[in-house]
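Chemist: Throughout the sequence shown, residue numbering follows the working numbering, covering 916 to 1269 in sequence.
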Amino acid sequence: MKVALIGMPGSGKTTLFSAVTGHEPSPAHMGQEQMAVVKVPDPRLQVLADIYKPERIVPATLDFVDFPGVGLTSPQAQSDFRRHAANIRGCDALVVVLRAFESDAIPPYRDRIDPVADLDELRTEFIFADLEVAANRIERLRKQITKPTPTQEQDKRELALLERCHETLENERPLSSDVRSEEERNAVKSYAFLTLKPLIVAVNVAESDVGKPLALQCDDAAASLALSAEIEAEIAQLDPDDRPEFMADLGITEPALDSLVHACYQALGLVSFLTVGDDEVRAWTIPAGTPAVEAAGKIHTDIARGFIRAETVTYDDLIAAGDIKTAKTAGNVRLEGKTYVVKDGDVINFRFNI
Ligand SMILES: Nc1nc2c(ncn2[C@@H]2O[C@H](COP(=O)(O)OP(=O)(O)O)[C@@H](O)[C@H]2O)c(=O)[nH]1
Ligand SMILES: [Mg+2]
């Protein structure tokens, strides 16, 4: 799953990207997209590793893509945005980074430090971009349905849905406010509308504002959080042992990056199931609602094909018991079938036969 970091120039995207991925900002990438893998923080893995002493710990991951700033103040900047919009469409969630920090050294976008106005401008731009996509497709479908093709009925339904989308966008509302059912979302999936993607708002605040409640309200955002990209970058560079004290001094309990990555994971509708063993302790990413047989297929198609049972215990029950055997004796290990819906934190041993 890919998460796009977007926002106005100088809002702190690359600083945040470096902090969250551990990639040094490189001048070679100025004005270009960069992608890197982000580990999804999961303290349960270390606890399990302390029990199983595995050779390796494998966390769940997300891909983060750092996009160049969306400056819309010149025709050149606007055409740059259109070029990048195509790639932003290829991402599954959008993190909008908004500048709220003062700094004499960095001239603010449009000479203002106004995260609400910046967010508004971006959302309007997304709406325009989607409007263009919808309008083009509507024009083509209107021609197409006049001919008796095998897909005529389906095309008519799609046209009706797109016309509704068009109206929503014209009323300056994001599609996420209108296209809600699974069926409708699937019907427009191929257009990769920007305003249908989960939106996470990250307000890059001054160091002195870290930990304060966020003033900004965005109804269509899956999550909104305040953070200081600079502080996060500093935390990321510290030795893990030194982090708690540094954070305590600032009055924060968890790096904002952890909350950010968790917010993305959640907004994407993802959960993790866990596997344990002396080779590895591992988190596997699945969409919420995935049946056991499909979860098994994540590990290997053979396990899905030869699926017998999913030996399942919740993380909490396993930790309370200390090991699987004791959890079994306590009656906390269930034998689940193919259709069992896997939950976040299920520790699973798949029994299979090939
Ligand atoms: N004071 C302050 N400066 C920041 C903060 N975040 C980023 N900057 C600075 O703002 C400038 C632009 O940041 P950058 O991450 O490159 O922004 P981008 O254009 O959104 O990628 C850099 O000089 C950063 O050091 C912050 O939280 N506080
Ligand atoms: Mg940048």
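Glycine included, every Cβ here is placed at the ideal spot set by N, Cα and C. Note that the structure is a prediction, hence the values are computed from the model and not measured.
Can you name, in chain order, every residue of its own chain whose Cβ lies under 6 Å from the Cβ of residue 973, other than the five neighbours on each side?
Modeler: Counting only Cβ-Cβ distances below 6 Å, and skipping sequence neighbours, we find 1195 and 1197.
Chemist: Please go through the same chain and pick out, in chain order, the residues whose beta-carbon is closer than 7 Å to the beta-carbon of residue 962, but skip the five residues on each side of it.
Modeler: Correct list, in chain order: 1234.
Chemist: Give me the Cα-Cα distance between residue 947 and residue 1001, rounded to the nearest whole angstrom.
Modeler: Those two C-alpha atoms are separated by around 14 Å.
Chemist: Kindly examine ligand 2 and report whether one of its heavy atoms sits closer than 6 Å to the Cβ of residue 936.
Modeler: Outside the cutoff, so no.
Chemist: Can you say whether residue 1250 is buried or exposed, counting buried as having 16 or more other CB atoms within 10 angstroms of its CB?
Modeler: Exposed: under 16 other Cβ atoms inside 10 Å.
Chemist: Can you list, in chain order, the residues of its chain whose CB lies under 7 Å from that of residue 977, leaving out five sequence neighbours each side?
Modeler: The answer, listed in chain order, is 916, 918, 953, 955, 1176, 1179 and 1180.
Chemist: Taking the straight line between their C-alpha atoms, what separation do you get for residue 1015 and residue 1193?
Modeler: Taking the straight line from one Cα to the other gives about 47 Å.
Chemist: Does any heavy atom of ligand 1 sit closer than 6 Å to the C-beta of residue 1119?
Modeler: Result yes, Cβ under 6 Å from ligand 1.
Chemist: Taking residue 1171 and residue 1131 to be in contact with their CB atoms under 8 Å, please state how far apart those CB atoms are, rounded to whole angstroms.
Modeler: That pair is no contact at about 15 Å.
Chemist: Which residues mark the beginning and the end of the beta strand (DSSP E) in which residue 1115 is found?
Modeler: 1114-1119 is the extent of the beta strand (DSSP E) around residue 1115.
Chemist: Output needed for residue 1048: all residues of its chain with C-beta closer than 6 Å, excluding positions within five of it in sequence on either side, in chain order.
Modeler: Closer than 6 Å at Cβ, skipping near neighbours: 1106.
Chemist: Please classify residue 1304: does DSSP put it in a helix, a strand, or coil?
Modeler: This structure does not reach residue 1304, given that the chain is present from 916 up to 1269, and the question cannot be answered.
Chemist: Please output, in chain order, the residues near ligand 2 using a CB cut-off of less than 7 Å to any non-hydrogen atom of the ligand.
Modeler: Cβ atoms closer than 7 Å to ligand 2 belong to 928, 929, 981, 983 and 984.
Chemist: Beta-carbon separation of residue 920 and residue 1012 under 7 Å?
Modeler: Yes. Within cutoff.
Chemist: Tell me the DSSP bridge mates of residue 1264?
Modeler: Residue 1264 pairs with 1226.
Chemist: With a threshold of 6 Å, establish whether the CB of residue 925 neighbours any heavy atom of ligand 1.
Modeler: Yes, the beta carbon of residue 925 sits closer than 6 Å to at least one heavy atom of ligand 1.
Chemist: On the DSSP letters alone, give me the boundaries of the alpha helix (DSSP H) that residue 1030 sits inside.
Modeler: 1030-1059 is the span of the alpha helix (DSSP H), which, as asked, contains residue 1030.
Chemist: How many Å lie between residue 1109 and residue 1232 at the Cα?
Modeler: Cα to Cα, the separation comes out at about 41 Å.
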